[in-house]
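**Student:** Supplied in structure tokens, the structure appears directly below.
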Amino acid sequence: MSNCCSIDPNAERTPCPVCDSTGPVIGDKPVKAHLPDAADGQWQHCATADCPVVYYLGDDTVTTEEVKAQVAHKALDKPRPVCFCFAHTADDIAADLQANNGVSTIKADVKAAVADGFCACEYLNPSTKCCLSDIHRTIKAIEAARPTR
Ligand SMILES: [Zn+2]
């Protein structure tokens with residue numbers, strides 16, 4: 002089990018407004034990765050397989066239709082991200098490297114978010130592991146695939 006994230010185990014939790022099961026608190030950063038205008042607050046992740054709700058905050062919900070990438074075992078029809086907390090796909094990372102002369106700002110951002118405890122890999126990454134090593138591997142693979150000049 003990953004210990005890269007520090008989700009407050011004492012944060013108040015409420016049941017999902019659709020399926021009524023209570024999910025873990027993941028904060029608002031992973032929600033804003035999909036919907037930048039999402040409300041601030043202690044959002045929770047609904048882990049019920051057949052429930053359309055991915056994130057909820059009270060009665061406010063973000064569904065599998067609204068997310069832009071796969072989250073945990075939900076929205077499987079959407080792109081599978083490398084970083085599940087912040088919805089960064091391999092394409093995003095390649096574009097980021099291209100735009101920044103081969104320096105990944107995504108990796109730096111994720112590192113900072115992890116250091117501040119804003120990630121929830123334990124709940125949002127199907128592997129339950131921190132994605133930083135996957136990001137590192139993805140960057141190496143992109144670099145290796147780049148034509149030599
Ligand atoms: Zn639910």
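No gaps in the numbering here: position 133 of the sequence shown is 134 in our numbering, and each next residue is one more. Note that the Cβ used here is the ideal one computed from N, Cα and C, for glycine as well.
1) Please return the same chain residues whose Cβ sits closer than 6 Å to the Cβ of A91, not counting the five positions on each side in sequence.
2) Between G24 and ligand 2, is there a pair consisting of the residue's CB and a ligand heavy atom that are separated by less than 8 Å?
3) Could I get the ranges of all uninterrupted beta strand (DSSP E) runs contained in the segment 8-57, with 3 residues as the minimum, in chain order?
4) Kindly list the residues whose CB is nearer than 6 Å to the CB of C20, restricted to its own chain and excluding five residues on each side of it in sequence; keep chain order.
5) Taking 8 Å as the cut-off, is the CB of Y57 close to at least one heavy atom of ligand 1?
6) Roughly how far, in whole angstroms, is the beta-carbon of G59 from the beta-carbon of F119, given that I think they are within contact range, below 8 Å?
7) As a quick check of your reading: which residues have a C-beta less than 5 Å from at least one non-hydrogen atom of ligand 1, in chain order?
8) From Q71 to K79, what does the alpha carbon distance come to, in whole angstroms?
9) With a threshold of 8 Å on Cβ separation, who are the neighbours of S22 within its own chain once the five nearest residues in sequence on each side are excluded?
10) Measure the CB-CB distance between H35 and V68 and report whether it falls below 9 Å.
11) Report the three-state DSSP secondary structure of D135 (helix, strand or coil).
12) Could you check the C-alpha separation between N11 and N102 for me, to the nearest Å?
13) Since I believe P31 is in contact with Y57 (beta carbons under 8 Å), could you give me their beta-carbon distance rounded to a whole number of angstroms?
**Tutor:** Answer, in terms of the structure:
1) V83 and T139
2) For ligand 2, the structure offers nothing, since it holds only ligand 1.
3) none
4) T49 and C52
5) yes
6) So it is not a contact: roughly 20 Å between Cβ atoms.
7) C17, V19, C20, C47, T49, C52 and V54
8) 5 Å
9) Within its own chain, the residues whose Cβ lies closer than 8 Å to the Cβ of S22, once the five positions on either side in sequence are excluded, are P16, C47, A48, T49 and C52, listed in chain order.
10) yes
11) helix
12) 43 Å
13) Contact flag wrong, Cβ pair sits at about 13 Å.
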